[in-house]
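Read in order, the letters of the sequence shown correspond to residues 892 to 1034 in the working numbering.
The beta carbon of each residue, even a glycine, is placed where N, CA and C say it ideally should be.
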Amino acid sequence: MAANAISLEGLPQLTRRLQQLEFKLRRKVYRSALRKATKPILSRAKQLVTVDTGTLRDSLKIRVTEQLFGYEAVVTPVKSKGKDPYYAHFVELGHVIRRKRGGKVLGHVEAKPFLRPAFDENYKRAISILAAEIRGALKRFGK
């Protein structure tokens, strides 16, 4: 699980009730709830990212994946038709400028973080949205 992960471990009663659902339905509930919970983080990251051409901002997407012990939602840049945001980590973390690979350092570019601040500002809101979405799904499906 990612270092900045949001976990349902603090809500064991919801987790137990979710386990009573059929696998496909449970997967649908988790994926939908995680996607909705991550939207505020995505929205804020798009506001914070520095914009030159807009490629990086437009490439930010939510990816929900199934992991060994649960599900994971990640805000990440995604390559699309001719637009490759390969430089996202350079913007987020900063980097040095070298003459050649392994050569003399000529300078550096300051970090302009956008993902970490977006996460830090919205993770509590994301947890509450996640819990509300799961509670709503459990009510809809009668568990």
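Asked, Found
"Measuring alpha carbon to alpha carbon, tell me which residue in LYS915, GLN911, LEU925 and VAL940 is nearest ALA1023.", "LEU925"
"How long is the line joining the alpha carbons of VAL996 and GLN938, rounded to whole angstroms?", "32 Å"
"Our contact map puts GLU983 next to PHE1005 with C-beta atoms below 8 Å; I'd like the distance itself, whole angstroms only.", "6 Å"
"Classify TYR921 as buried or exposed, calling it buried when 16 or more other Cβ atoms lie within 10 Å of its own Cβ.", "buried"
"Check this for me: beta carbons of ALA936 and ALA1017, under 7 Å apart or not?", "no"
"Return helix, strand or coil for LEU1021, following the three-state DSSP convention.", "helix"
"So, with DSSP's three-state summary, where would you put LEU939?", "helix"
"GLY1027 to PHE981, Cα distance in whole Å?", "40 Å"
"With distances taken between CB atoms, is the gap from VAL969 to SER950 smaller than 7 Å?", "yes"
"Could you check how far apart the C-beta atoms of ILE1025 and LEU916 are, in whole angstroms? I think they sit under 8 Å.", "In fact, because the Cβ distance is near 12 Å, the residues do not count as touching under 8 Å."
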